[in-house]
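Numbering (this note's numbering), first residue to last: 8 to 403.
The structure under discussion appears below in the form of C-alpha cells.
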Ligand SMILES: *Cc1c(COP(=O)(O)O)cnc(C)c1O
C-alpha cells in the first residue's frame with residue numbers, strides 16, 4: 008500500500024483549465040473571477056453578500072473589526088479550535104474569553120456561554136472567574152463584552168439557537184467561524200446564515216480549496232461595504248485611486264484562486280458527497296470498537312459537511328502510542344485540536360495552565376484525525392482502519 012496522505016485536494020481538468028484561462032488575460036486581481044465566485048458562494052449559502060479574501064484568518068480578522076471590537080473588549084469563543092479563531096481577537100488588542108465545550112460535539116457549550124455573558128455583563132466579582140488568569144487580578148479597566156465567536160468544529164455546526172438567544176439578550180454581535188463547515192446545516196439552515204458575518208476558508212485541506220483563500224458572507228449591507236473597503240487597503244468603494252478612507256489591509260483574493268474556487272463551488276455537491284462517502288466507509292469499519300470511538304453527530308440538528316475524520320482513542324489505549332504505530336506503517340495522523348489556551352504564547356501571555364478547560368483538554372488528549380479527503384479510496388480506508396485497529400491493541 009503506497010503512502011496515504013493526510014489530506015488531498017480534489018482537482019479536475021475543469022479547475023486546471025479555469026486557472027489556465029485566467030493566466031491568458033490581463034486581469035490577475037479584482038477582475039471577473041472574484042465577482043463570479045462571490046456570487047456563486049452567496050447563492051449556495053443563501054446570503055445577501057459574499058466577499059472574497061485571501062485566507063480564512065483575514066476574513067475573521069475583518070469580521071472582528073466590523074463587530075467594533077477594540078482594545079480591552081471581550082469576545083467569547085472556544086479554546087477547542089484552530090488557533091486563528093482566537094488570534095484574530097488579539098490582532099485588535101481585545102481579549103478572547105474562552106468557555107469550555109460540549110463533550111460530545113466539541114463545540115462551544117451554550118449553557119456556559121449564557122453564564123459567562125451574564126457574569127461578564129454584571130462586572131467585577133462575577134466576571135472575574137471568566138477572565139484569563141493573568142489579568143483576573145489586575146486593577147479593572149473597563150472591559151466591554153462585544154461579540155460571540157462560535158466555531159463549527161470539524162464541519163458540525165455549533166448549537167446556534169441558544170447562542171443567538173444570548174446575543175439578543177446582551178446585544179452582542181455574532182461571528183461564525185465556518186471555516187470548516189461550508190455546506191453544513193443546523194436545523195435545516197446552512198452554516199454561515201446565523202450570524203452578522205460568517206467566514207469560510209479554502210486552504211488545500213478544506214472541502215473547497217483555492218490554495219489560500221476565504222470568503223466572508225453577511226446579510227448586512229453596511230458590513231458588505233466595510234469588508235470590501237477593509238480588504239482593499241481601506242479604499243472606499245467610491246474612493247478614487249489611492250484615496251484611503253480608513254486603515255485597511257491587503258486581504259484581496261487573486262483571480263487565479265477565485266477561478267479555482269468558482270470551479271470547485273460549481274462541484275460542491277459532488278465534493279461534499281464524496282467526503283460523506285469516505286466518512287461512511289470509516290464509520291462502517293470503526294463503529295462499535297472497544298478502543299476507538301467514531302465521531303458524534305448530533306442526530307436531530309446536524310447535517311454534516313465532513314472536513315476531517317476525527318476519532319477518539321479510548322483508554323487504556325494511549326493516543327500518542329497509536330500515532331507512533333500508525334506512523335511506522337506509513338499512515339499520518341494528527342492530534343486535533345491542540346487546545347488554544349495551552350499554546351506557548353497563550354500560556355505566557357494569559358497565565359493559562361492545564362486544568363483550566365478540562366473538557367477541551369480531554370478532547371485534545373484523545374482526539375486523532377485520520378487521513379481524510381474526498382479522493383480517498385475504499386481500499387485506502389480499509390488499510391488505515393486495519394492498521395488503526397492493530398495499533399490500538401498494541402498501545403495498551
Ligand atoms: C482553516 C481554519 C481557519 C482559517 O484558516 P486559513 O488558513 O487562514 O484559511 C480558521 N478557523 C478554523 C477553525 C479553521 O479550521
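The beta carbon of each residue, even a glycine, is placed where N, CA and C say it ideally should be.
No experiment lies behind these values; they were computed from the predicted model shown.
- Residue pairing by DSSP places residue 342 opposite 375 in a beta bridge.
- Listed as beta-bridge partners of residue 183 by DSSP are 205.
- Exclusion of the five residues before and after residue 151 leaves 80 as the residues of its chain whose Cβ lies within less than 6 Å of its Cβ.
- At a cut-off of 3 residues, the continuous stretches assigned as beta strand (DSSP E) that sit fully inside the stretch 50-79 are 56-60.
- When rounded, the separation of the alpha-carbon atoms in residue 330 and residue 324 is 11 Å.
- For residue 380, the closest alpha carbon among the candidates 74, 209, 286 is that of 286.
- Closest in alpha carbon position to residue 215, among 364, 298, 315, 144, is 315.
- Where residue 140 is concerned, the enclosing alpha helix (DSSP H) starts and stops at 140-143.
- Nearest Cα to residue 66 within the set 133, 40, 230, 27: 230.
- Between the C-alpha atoms of residue 226 and residue 202 there is a straight-line separation of about 9 Å.
- Rounded to whole angstroms, residue 142 and residue 97 show a C-alpha spacing of 14 Å.
- Approximately 6 Å separates the beta-carbon atoms of residue 37 and residue 259; this is inside 8 Å, confirming the contact.
- Annotation: the stretch 265-335 contains the following complete segments of the alpha helix (DSSP H) (minimum length 4 residues), in chain order: 275-293, 326-335.
- In chain order, the residues with a C-beta atom nearer than 6 Å to some heavy atom of ligand 1 are 62, 63, 64, 88, 89, 91, 92, 158, 184, 186, 187, 208, 210, 221.
- Boundaries of the beta strand (DSSP E) harbouring residue 222: 221-225, taken from the DSSP string.
- In the three-state DSSP reduction, residue 166 falls in the coil class, being neither helix nor strand.
- Rounded to the nearest whole angstrom, the CA to CA distance from residue 16 to residue 180 is 34 Å.
- Annotation: the continuous beta strand (DSSP E) that includes residue 82 extends over 81-84.
- Beta bridge pairing from DSSP links residue 368 with no other residue.
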